[in-house]
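Under the working numbering, the first residue of the sequence shown is numbered -3, with each subsequent residue one higher. What follows is one structure encoded as structure tokens, with my remarks underneath.
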Amino acid sequence: MGHLPRPRGPISEGIISALSGGALPTAGSPDPFGEDLHLSLYVCYELHYQGFAGVDPDWEWDPGLLALRRDLERVFLTALRDGVEGGTDVAAAVEAAMIDSPGGVSHFLEDKGELWHLREYVVHRSIYHHKEADPHAWAIPRLTGQAKASLVAVEFDEFGGGRYARMHSKLFGDLMRALGLDDSYLARLDDVPAPMLAVVNMMSLFGLHRSLRGALVGHFASAEITTSPSAARMARALDRLGVAETVFFTEHVEADAVHEQILRHDVVGDLLRREPELAGDVVFGFQATDLVESRFGAHVRNAWDAGRTSLREASDGR
Ligand SMILES: [Fe+2]
Ligand SMILES: [Fe+2]
């Protein structure tokens, strides 16, 4: 369980103070990719995961907060839909996900990243990997048949195949500690800017809405397709920087090459045989993943290329 973060604008300030006993704010018209909207959504969604220390767990189903969250989700979802090409060609979306973008963050880290770059990257990703594969678990009750069975097979691996020591969130914590970082749950949330919050908020948004199950499956497939090659680059980056704790990445090189095949053929394939009308949502899941990941990558590269931190300016640079 994490601690409530510091607010980043009027909406997040209102939500965080409401969770501690104040009145709820209204949504207004926030920037769909801005800090205030994304911290607000992240806090709302976290109530469905581990929650926050000192916050009544019943806030999870507070009708006023859910109504506010819905307004914020609409702003974000509209921006995602407006930001992608769309269409129903799933095979083309798969092909696009397999194209490697050489300007990506893992390429930078492999080629020339220093230890501080690596540590920043791990801090960013920690707000997902602390709950790795949790958002995708919401797909389980929303699928049937082989798609369900195969998605659960992938999730079984993500959660360590019954062994806590092999759970991917645990392996990520091991990596954080090896880098001298605090690996307690969401310890660095205050330092992580909107472009990364948006990546995780998109997963929670897709996971919590049955109507977006096609997008969730498309996102999951996209993530599994892109992870194996980027994990190989990250393992080489760690080797080059003399970091011995490479298991998190080497595990993903192996596992995600298999997961990619299962997701493509047995989950996406079976889902579309059953519900062909979801093809557009599956494509949306692929394209929206590329959109938020590209925005995150551009943010990080812009900061690093200018020799600046990619973490929040307001953070204290731990
Ligand atoms: Fe994983
Ligand atoms: Fe995986």
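Where a beta carbon is used, it is the ideal one built from N, C-alpha and C, also for glycine. All figures in this text were calculated on a predicted structure; none of them were measured in a lab.
Should residue i go down as buried or exposed, given a rule of 16 or more other Cβ atoms within 10 Å for buried?
i	result
Ile95	exposed
Phe48	buried
Val270	Note that residue 270 is Arg in the sequence shown here, rather than Val. Exposed, because fewer than 16 other Cβ atoms sit within 10 Å of the Cβ of Arg270.
Lys108	exposed
Asn197	buried
His113	buried
Trp57	exposed
Ile258	buried
His261	exposed
Glu321	Residue 321 is absent from the model: the chain starts at -3 and stops at 314.
Gly157	exposed
Thr74	exposed
Trp300	buried
Tyr160	exposed
Gly100	buried
Thr222	buried
Phe202	buried
Thr285	buried
Does DSSP put residue i in a helix, a strand or coil?
i	result
Phe158	For clarity, residue 158 is Gly in the given sequence; the question names Phe instead. Here Gly158 sits in helix by DSSP.
Gly99	coil
Gly(-2)	strand
Val239	coil
Glu309	coil
Trp300	helix
Asp179	coil
Glu9	helix
Pro3	coil
Glu151	helix
Leu139	coil
His295	helix
Ser16	coil
Arg173	helix
Pro189	coil
Ala129	coil
Arg184	coil
Trp134	coil
Lys108	coil
Met198	helix
So, are the CB atoms of residue i and residue j less than 9 Å apart?
i	j	result
Ser224	Ser102	no
His120	Leu287	no
Ser180	Gly(-2)	yes
Pro1	Leu185	yes
Asp252	Glu220	yes
Phe216	Gly281	yes
Val71	Pro6	no
Leu105	Arg229	yes
Leu64	Leu20	yes
Pro191	Arg291	yes
Please check if any C-beta of chain B sits within less than 9 Å of the C-beta of residue i.
i	result
Glu250	Reference to chain B is not applicable here, since this structure consists of a single protein chain.
Along the chain, which unbroken stretches of the alpha helix (DSSP H) at least 4 residues long are found entirely within the region 20 to 84?
-> Runs of the alpha helix (DSSP H) inside the region 20 to 84: 31 to 42, 59 to 78.
Three or more C-beta pairs closer than 8 Å, one from the region 40 to 53 and one from the region 78 to 85: is that the case here?
-> No, the region 40 to 53 is not in contact with the region 78 to 85.
Count the C-beta pairs between the region 227 to 243 and the region 163 to 176 that are closer than 8 Å, then say yes if the count reaches three, no if not.
-> Yes: at least three Cβ pairs fall under 8 Å.
Every unbroken beta strand (DSSP E) within the region 203 to 289, with a cutoff of 3 residues, ordered by chain | Those beta strand (DSSP E) runs which fall completely within the region 203 to 289 and span 3+ residues do not exist here.
Would you say the region 155 to 173 touches the region 244 to 263, given that touching needs at least three Cβ pairs under 8 Å?
-> As far as the Cβ criterion goes, the region 155 to 173 touches the region 244 to 263, which means the pair count is three or higher.
Can at least three beta-carbon pairs, one atom from the region 210 to 219 and one from the region 122 to 141, be found at a separation below 8 Å?
-> Per the Cβ contact rule, the region 210 to 219 is in contact with the region 122 to 141 (3 or more Cβ pairs under 8 Å).
Is there contact between the region 183 to 201 and the region 8 to 23, where contact requires at least three CB pairs shorter than 8 Å?
-> Contact between the region 183 to 201 and the region 8 to 23 is not established, with fewer than three Cβ pairs separated by less than 8 Å.
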